[in-house]
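One structure below.
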Ligand code: UD1
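Residue numbers (the working numbering): 55 to 416.
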């Protein structure tokens, strides 16, 4: 039986880990999965609420690292995780996405010569000012099983010299999770609670340091939101980083922007599925909106998920106030882009991952 550390730490990790965990516990003679939570995200809204919605048990191991500068956070995770790894001697690490917990765990595993499976490998924004891009590159170079979500991921890895035999094109576990929870999400009654009607609001998420840590840029983006909200109500579950920076820079919202605390997974999913459009700088939301066929305006200059631009509902608008407003108004008038999900975003990526991990000897 293989003892597997499933590493998670920040909000977008929990859905993917849940998918792997549930598949592994179905095979108790093959896998002994242990959920290892670094504590990178510690607020109930960013962590506990997700465990509840995803019906995940409490983490087997909780490192309680918390916030900090990148080096500090990554280093603290490594120190704590190395100790527990030496004690528990897992056969495999599963790491997901591109957060600091992902790269920290990969470094620990690689140095202890424990194989690493990376879920969501190969994505590249080609923008090394994003901390996630550094985390992706380092994690991929150290990984033994690279599970990719779209063709661009395969191409990026091959170009970087990763051996073909390590690359497995399986699809997207975030989409597996969405498809599994879509119906359950509609039972949250979040639209009613927030007094919203289907297709009659825009949904915002914004938390990238490049957008929210710079006063001029954040003011311009919020000014765009304020302007759009005159035409269409906007709902904004606000990330703690963004809230902190809004206070620090003394930037205010207009009255038609409805800000709320971060939502649980199911509530957010339901709001997303019923929005007229979404304004975001997130990664996964570009994919989720393409699956829901909801227009997505991405407030960034690049994306690591080019499929969503080519075939999905996503457009990149950068961070200029006028561009954000113009594209939003176009959607309010004409309903925006439609798209179709990738054929491998079929809810079965988790089965393909487990099949591969089950076959291989490590
Ligand atoms: C992290 C990930 C990002 C991901 C995002 C999802 C990295 C480099 N970034 O960014 O890729 O899209 O999670 O949310 O790993 N905070 C709280 N409560 C918490 C956690 C954080 O209030 O539970 C506040 C703290 O002030 C902290 C700030 O948010 O300093 C940022 O948290 P951090 O984990 O460093 O990064 P995120 O911006 O959340």
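We put the beta carbon where it would ideally sit given N, CA and C, even for glycine.
All figures in this text were calculated on a predicted structure; none of them were measured in a lab.
- Item | Local Cβ density within 10 Å of residue 214, reported as buried at 16 or more and exposed below that | So residue 214 counts as exposed.
Suppose you measure from the CA of residue 232 to the CA of residue 301; what does that come to, to the nearest Å?
If I take the Cα positions, the gap works out to 33 Å.
Residues bridged to residue 87 by DSSP? Paired residue(s): 58.
* Three-state secondary structure (DSSP) at residue 301? -> Note: residue 301 maps to helix in three-state DSSP.
Excluding the 5 residues preceding and the 5 following residue 343 in the sequence, name in chain order all residues of the same chain whose CB lies nearer than 6 Å to its CB.
Around residue 343: 332, 350, 367.
Notebook entry, point to check: Going by alpha carbons, who is nearest to residue 260 out of 328, 193, 340?
Noted result: Nearest to residue 260 by alpha-carbon distance, out of 328, 193, 340, is 340.
Among 81, 196, 163, which one has its Cα closest to the Cα of residue 220? That would be 196, whose Cα lies nearest to the Cα of residue 220.
TODO: Determine the closest residue to residue 96 out of 127, 123, 64, 224, with distance taken between C-alpha atoms.
DONE: Among 127, 123, 64, 224, the Cα nearest to that of residue 96 belongs to 64.
Open item on the list: Once DSSP output is grouped into helix, strand and coil, what is the label at residue 291?
Closed with: Three-state result, residue 291: strand.
- [ ] Indicate whether residue 371 and residue 358 have their beta-carbon atoms separated by less than 7 Å.
- [x] Between residue 371 and residue 358, the CB-CB gap reaches or exceeds 7 Å.
From 144, 149, 166, 125, residue whose alpha carbon lies closest to that of residue 185: Nearest C-alpha to residue 185: 125.
For residue 242, collect the residues of the same chain with a Cβ closer than 7 Å to its Cβ; drop the 5 residues on either side in sequence, then sort them by chain order. Leaving aside the five residues that flank residue 242 on each side, the residues in its chain whose CB is nearer than 7 Å to its CB run, in chain order, 320, 321, 324.
Is residue 116 near the ligand UD1 - that is, is its Cβ less than 6 Å away from at least one heavy atom of it?
No - the ligand UD1 has no heavy atom lying nearer than 6 Å to the Cβ of residue 116.
Going by the CB atoms, is the gap between residue 85 and residue 58 shorter than 7 Å?
-> Their beta carbons are under 7 Å apart, which means residue 58 touches residue 85 by this criterion.
For residue 118, which residues from the same chain have a beta carbon less than 6 Å from its beta carbon, with the 5 sequence-adjacent residues on both sides left out?
The answer, listed in chain order, is 93.
- Would residue 128 pass as a contact of residue 166 if the rule is Cβ separation under 7 Å? Residue 128 is not a Cβ neighbour of residue 166, given a cutoff of 7 Å.
Check your understanding: Looking at residue 257 and the ligand UD1, is the gap between the Cβ and the nearest heavy atom below 6 Å?
Key -> Distances from the CB of residue 257 to the heavy atoms of the ligand UD1 are all 6 Å or more.
| message | Taking 6 Å as the cut-off, is the beta-carbon of residue 77 closer than that to any non-hydrogen atom of the ligand UD1? | response | No.
Quiz item: Taking 6 Å as the cut-off, is the CB of residue 100 close to at least one heavy atom of the ligand UD1?
Solution: Answer for residue 100: yes, Cβ within range of the ligand UD1.
*On the premise that residue 201 lies in contact with residue 229, defined as a C-beta separation below 8 Å, what is that separation, rounded to the nearest angstrom?*
In fact, because the Cβ distance is near 13 Å, the residues do not count as touching under 8 Å.
ask   = Anyone know if the C-beta pair for residue 173 and residue 76 falls short of 7 Å?
value = For residue 173 and residue 76, no; Cβs fall outside 7 Å.
Q. Going by the CB atoms, is the gap between residue 308 and residue 417 shorter than 7 Å?
A. The structure shown does not extend to residue 417, since the chain is modelled only from 55 through 416, so no value can be given for it.
*Segment limits, beta strand (DSSP E) that includes residue 148*: For residue 148, the enclosing beta strand (DSSP E) starts and ends at 146-150.
- Between residue 206 and the ligand UD1, is the CB less than 6 Å from at least one heavy atom? In this structure, residue 206 has its CB at a distance of at least 6 Å from all heavy atoms of the ligand UD1.
Margin query: Taking 6 Å as the cut-off, is the beta-carbon of residue 318 closer than that to any non-hydrogen atom of the ligand UD1?
Written below: No, Cβ of residue 318 sits at least 6 Å from all heavy atoms of the ligand UD1.
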